[in-house]
Amino acid sequence: KATQAEAKKYSDVELLVAEGTNDVNLQISQVETFINQKVDAIVLLPFDGAALTPVATKAMEAGITVVNVDREFDSPAAARTTVLGDNYGMGVSAGHYVCSQLGQKKDSIVAEIAGIDSLPLTQDRSKGFKDALGECGLKVNNRVAAEFTVESGEKAAANLLQAAPKIDAIWNHDDDQGVGVMAAIKNSNRKDFFVVGGAGSANVMREIKADNTLIKATVIYPSTQGADGVRLAR
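All the letters of the sequence shown, read from the start, carry residue numbers 1 to 234 under the UniProt record's numbering.
Structural data, given as structure tokens:
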């Protein structure tokens with residue numbers, strides 16, 4: 001919505017939207033289509049920056065401005081500019097919250113449900129979380145990785161819950177995959193821990209406010225990156 005609102009500010013901008021979700025091949029095909037349409041600019045949040053690097057480079061070579069959002073390409077030649085969130089800071093914030101709740105209990109068991117492990121943003125989030133926990137004498141005792149999807153979140157959480165009979169806190173990197181995470185938790189009938197979310201989705205915010213869920217906090221992530229990309233592309 002922020003992206004569409006930004007585009008409407010400019011009478012000389014026509015916004016074409018392609019929803020590639022988490023399908024790399026579909027995203028590549030969509031970028032190819034935009035190249036063939038000879039658009040002036042592409043604002044791209046790649047599911048996998050490395051996998052989208054070749055087609056983004058192709059777009060740049062065709063004279064199309066590419067703005068990379070959130071997940072970096074492998075080559076600087078693949079984009080004119082890049083808009084990044086503070087992923088390390090996101091992990092730090094999650095860690096600080098866990099410390100505020102458990103810092104006096106040094107034997108607390110902390111679990112982490114990451115996103116796609118190969119992505120630098122996931123690695124940055126995990127490092128920030130680990131560093132912040134270390135400040136209060138805690139550590140990540142159990143860690144699994146999902147793929148930013150509901151299905152992968154549910155599977156990863158189910159595996160975690162089976163492997164860890166005792167948990168005091170879980171940080172889930174992403175509120176979208178968190179839908180699956182919470183489904184797995186519900187199926188397990190466990191209530192012996194609290195959950196910290198990631199990205200600050202509206203649904204999670206409402207649940208926290210209502211205080212009717214194990215999610216007690218979520219880490220806010222910039223919601224204006226797409227809008228910033230449109231502004232920069234123009």
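Beta carbons are placed, not taken as given, at the ideal position from N, Cα and C, and that holds for glycine.
Mind checking which residues open and close the alpha helix (DSSP H) that includes residue i?
| i | result |
| --- | --- |
| G180 | 175-188 |
| A50 | 49-61 |
| A210 | 202-210 |
| A7 | 2-8 |
| N22 | That residue, N22, is in no alpha helix (DSSP H); it is neither H nor E in DSSP. |
| A94 | 87-102 |
Would you tell me roughly how many angstroms separate the C-alpha atoms of residue i and residue j, rounded to the nearest one?
| i | j | result |
| --- | --- | --- |
| F47 | Q27 | 8 Å |
| L121 | F148 | 12 Å |
| G89 | A199 | 12 Å |
| N142 | V110 | 7 Å |
| P76 | S108 | 43 Å |
| T57 | E151 | 31 Å |
| N159 | A169 | 16 Å |
| I215 | K106 | 22 Å |
| K209 | S201 | 12 Å |
| residue 242 | A7 | Any question about residue 242 goes unanswered here, given that the chain covers just 1 to 234. |
| V83 | I42 | 13 Å |
| V196 | Q104 | 18 Å |
| A156 | V39 | 39 Å |
| P54 | A78 | 7 Å |
| A146 | I35 | 32 Å |
| K130 | Q37 | 45 Å |
Report the three-state DSSP secondary structure of residue i (helix, strand or coil).
| i | result |
| --- | --- |
| T33 | helix |
| E147 | coil |
| V13 | coil |
| I28 | helix |
| A227 | helix |
| R73 | Correcting the residue identity first, residue 73 is Phe in this sequence and not Arg. Here F73 sits in coil by DSSP. |
| G134 | helix |
| F193 | coil |
| A79 | coil |
Around the C-beta of residue i, are 16 or more other C-beta atoms found within 10 angstroms, so that it is buried, or is it exposed?
| i | result |
| --- | --- |
| N87 | buried |
| V181 | buried |
| S93 | buried |
| Y97 | buried |
| A217 | buried |
| A132 | buried |
| A114 | buried |
Determine the extent of the beta strand (DSSP E) in which residue i is found, giving its start and end residues.
| i | result |
| --- | --- |
| K216 | 215-220 |
| V66 | 65-69 |
| A41 | 41-44 |
| A114 | 110-114 |
| I167 | Neither: I167 is in no beta strand (DSSP E) and is coded neither H nor E. |
Among the candidates the options, whose CA atom is the shortest distance from the CA of residue i?
| i | options | result |
| --- | --- | --- |
| E19 | V13, V31, I113, D192 | V31 |
| L52 | V39, A158, A132, V69 | V69 |
| L138 | V219, L161, G115, S100 | S100 |
| Y221 | H173, N187, N189 | H173 |
| I167 | A184, E112, G128 | E112 |
| T3 | W171, L45, V204 | L45 |
| E61 | G134, G91, R80 | R80 |
| residue 300 | G128, D192, N25 | Since the first residue of the chain shown is 1 and the last is 234, residue 300 is not available in this structure. |
| C136 | V17, N22, G95, D228 | G95 |
| R231 | T33, K191, V66, A59 | V66 |
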